[in-house]
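For the protein sequence lines, the chains are F and G, in the order given. So the first sequence is numbered by this note's numbering: it starts at 6 and just counts up by one. So the second sequence is numbered by this note's numbering: it starts at 6 and just counts up by one. Glycine included, every Cβ here is placed at the ideal spot set by N, Cα and C.
There are 2 protein chains.
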Amino acid sequence: MQQLNGKVSISICRSLYLKDPESSALGQKILTGSIDLIDRIGLEQYTFRKLAVHVGTTEASVYRYFENKHKLLLYLVMWYWGWMDYRLAFLLANVPSAEERLRRAVRLLTETVKEDSDFSHINEVKLHRIVVAESLKAYLTRAIDQDNRQGAFAYYKQLVDRVSAVVNELNPDFSYPQMLISTIIEGGHLQHFFSDHIPRVTNVREGEDSVVCFFTNLAFKALS
Amino acid sequence: MQQLNGKVSISICRSLYLKDPESSALGQKILTGSIDLIDRIGLEQYTFRKLAVHVGTTEASVYRYFENKHKLLLYLVMWYWGWMDYRLAFLLANVPSAEERLRRAVRLLTETVKEDSDFSHINEVKLHRIVVAESLKAYLTRAIDQDNRQGAFAYYKQLVDRVSAVVNELNPDFSYPQMLISTIIEGGHLQHFFSDHIPRVTNVREGEDSVVCFFTNLAFKALS
DNA sequence: CCGGCATGATAGTATTACTTTTGTCTTTGC
DNA sequence: GCAAAGACAAAAGTAATACTATCATGCCGG
């Protein structure tokens, strides 16, 4: 992560791209176009051919940036976690109370992203929806061990560790800090998804704050 | 679910198959062969062509039973939930203590299936691994609303409700019983997966009982 | 102004996902 | 015991997907 002319650029694991998409106008169009398209039609319908038409380039040019759509998805998801980790670092800075820091972290991890931060050419609202609906497909693959060895999940691990450290501060005897945090992260995504599509397995009542409430309570009770 | 010559047959939502695979020898070979193959090579690599070769039939014959691999996966996953719900019903029967019932339920939902119950031609150990690694791909699709409308998730909902009822009994004031149970179910799967592939975001120590312990504690603390 | 790199244009291959047709064999109904 | 119906194998075919390769062009830095 580097500060660059007032904007923050999130640097992604080299193994996830062939040519850095941040390094050219076409690369950036591939990123924004992919986010648009995956958000609109879903990962299974999304193809590099459709993307090429959408951004006005050719399939071959897209393949110069990314090996395949799995790597591109992983790139987007890891950008998201890099961005979240960055936001989290600011959100927790200079807050003395560990309890307040945990409260803020759980909120950030489980609430819906509502505004595009105009932080980059990436639309964070759409990207958040993609992460909720598609990110597990990027993990649950036979390629995961190789991706992991190549460092693809670095930001995800870093974020989990950052929040786990707060958990540890609050209750050093708690044996499962990472487990609690990764459960909250992925559970939060699933509960949002379920509330939209299989509401009978959730209890979302007034707005989606139910998810934040549930996981905040869960976190504090788990540590009590 | 019906009792048939000493065995239990789990009846699956009609919309998930074109022709009942339980109704013929070929259909059953398609089920067992699919479980073998998906477990061995993963859902992305699995194709109806490979399956046909594996069970000694033709692609066209497979398509007489299932529309596509998404439906077949959903069939297998729902068979699993039907089977789990059946086991759960027995496990909770005649246990007076709600606390003990919850403890048993959480254990059943979060532990690894270790033995093939010889209950049918379906290998439950392999099927459990498939559910852990692939079931979310069956949910997280654009087709979910249609699948749900057609009743594909009936057993899943029924199981969540069965355990939620125990939660309600233990603490009628708790506002999120379904949310807690579906989080435990899917969280349990993910923690098993993470412990195998991204251990840094878990805290699995001696054996996989850590997952059971974590979620059991979590459930009881959430209700305290 | 030259050389190199990024892209566009085009074409081509292999695999996947699915459909269609036809012939044989088995089952079931009578 | 025979005819009709259904189940399956065999084979071929189509459309889309997931890539790869070739070549020409245009731009940018030296």
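Using a Cβ-Cβ distance under 8 Å, would residue i count as near chain F?
i, result
"residue 49 (chain G)", "yes"
"residue 195 (chain G)", "yes"
"residue 202 (chain G)", "yes"
"residue 227 (chain G)", "yes"
"residue 111 (chain G)", "no"
"residue 53 (chain G)", "no"
"residue 115 (chain G)", "no"
"residue 205 (chain G)", "yes"
"residue 141 (chain G)", "yes"
"residue 150 (chain G)", "yes"
"residue 184 (chain G)", "yes"
"residue 162 (chain G)", "yes"
"residue 8 (chain G)", "Unreliable positioning characterises residue 8 (chain G) in this predicted model, as indicated by a pLDDT of 48, which lies under 50. The coordinate reading is nonetheless provided below. Answer no: the Cβ-Cβ gap between residue 8 (chain G) and chain F never drops below 8 Å."
"residue 165 (chain G)", "yes"
"residue 85 (chain G)", "no"
"residue 158 (chain G)", "yes"
"residue 176 (chain G)", "no"
"residue 208 (chain G)", "yes"
"residue 132 (chain G)", "no"
Compare the beta carbon distance of residue i and residue j with 8 Å and say whether it is the shorter of the two.
i, j, result
"residue 1 (chain G)", "residue 90 (chain G)", "Chain G is shown from 6 up to 229; residue 1 (chain G) falls before or after that span and cannot be answered."
"residue 69 (chain G)", "residue 34 (chain G)", "no"
"residue 87 (chain G)", "residue 149 (chain G)", "no"
"residue 42 (chain F)", "residue 59 (chain F)", "yes"
"residue 74 (chain G)", "residue 142 (chain F)", "no"
"residue 135 (chain G)", "residue 203 (chain G)", "no"
"residue 196 (chain F)", "residue 188 (chain G)", "yes"
"residue 112 (chain F)", "residue 100 (chain F)", "no"
"residue 169 (chain F)", "residue 190 (chain F)", "no"
"residue 174 (chain G)", "residue 103 (chain G)", "yes"
"residue 193 (chain F)", "residue 172 (chain F)", "no"
"residue 20 (chain G)", "residue 157 (chain G)", "yes"
"residue 72 (chain G)", "residue 146 (chain F)", "no"
"residue 226 (chain F)", "residue 229 (chain G)", "yes"
"residue 80 (chain F)", "residue 17 (chain F)", "yes"
"residue 126 (chain G)", "residue 36 (chain G)", "yes"
"residue 82 (chain G)", "residue 29 (chain G)", "no"
"residue 5 (chain G)", "residue 76 (chain G)", "The requested residue 5 (chain G) does not occur in the structure, where chain G is confined to residues 6 to 229."
"residue 93 (chain F)", "residue 45 (chain F)", "no"
Quick one: grab the DSSP three-state call for residue i.
i, result
"residue 29 (chain F)", "coil"
"residue 251 (chain F)", "The question about residue 251 (chain F) has no answer, for chain F in this structure spans 6 to 229."
"residue 200 (chain F)", "helix"
"residue 14 (chain F)", "strand"
"residue 66 (chain F)", "helix"
"residue 173 (chain G)", "helix"
"residue 54 (chain G)", "helix"
"residue 22 (chain F)", "coil"
"residue 178 (chain F)", "coil"
"residue 71 (chain G)", "coil"
"residue 119 (chain G)", "coil"
"residue 47 (chain F)", "coil"
"residue 100 (chain G)", "coil"
"residue 222 (chain G)", "helix"
"residue 137 (chain G)", "helix"
"residue 81 (chain G)", "helix"
"residue 126 (chain G)", "coil"
"residue 108 (chain G)", "helix"
I'd like to know whether the C-beta of residue i is nearer than 8 Å to at least one C-beta of chain G.
i, result
"residue 17 (chain F)", "no"
"residue 121 (chain F)", "no"
"residue 21 (chain F)", "no"
"residue 192 (chain F)", "yes"
"residue 138 (chain F)", "yes"
"residue 155 (chain F)", "no"
"residue 37 (chain F)", "no"
"residue 231 (chain F)", "Look at the range of chain F in this structure, 6 to 229, and you will see that residue 231 (chain F) is not part of it."
"residue 198 (chain F)", "yes"
"residue 307 (chain F)", "This structure cannot settle anything about residue 307 (chain F), because the visible part of chain F is limited to 6 through 229."
"residue 188 (chain F)", "yes"
"residue 80 (chain F)", "no"
"residue 77 (chain F)", "no"
"residue 219 (chain F)", "yes"
For the ligand COA, I want to know if residue i counts as a neighbour, meaning its beta carbon is within less than 7 Å of at least one of the ligand's heavy atoms.
i, result
"residue 87 (chain G)", "Summarising the ligand content, the structure contains no ligands, and the ligand COA is consequently not present."
How do the stretch 119-130 of chain F and the stretch 55-70 of chain F stand: do at least 3 beta-carbon pairs fall below 8 Å, yes or no? no
Is it a yes or a no for the stretch 201-211 of chain G touching the stretch 168-183 of chain F, going by three-plus beta-carbon pairs under 8 Å? yes
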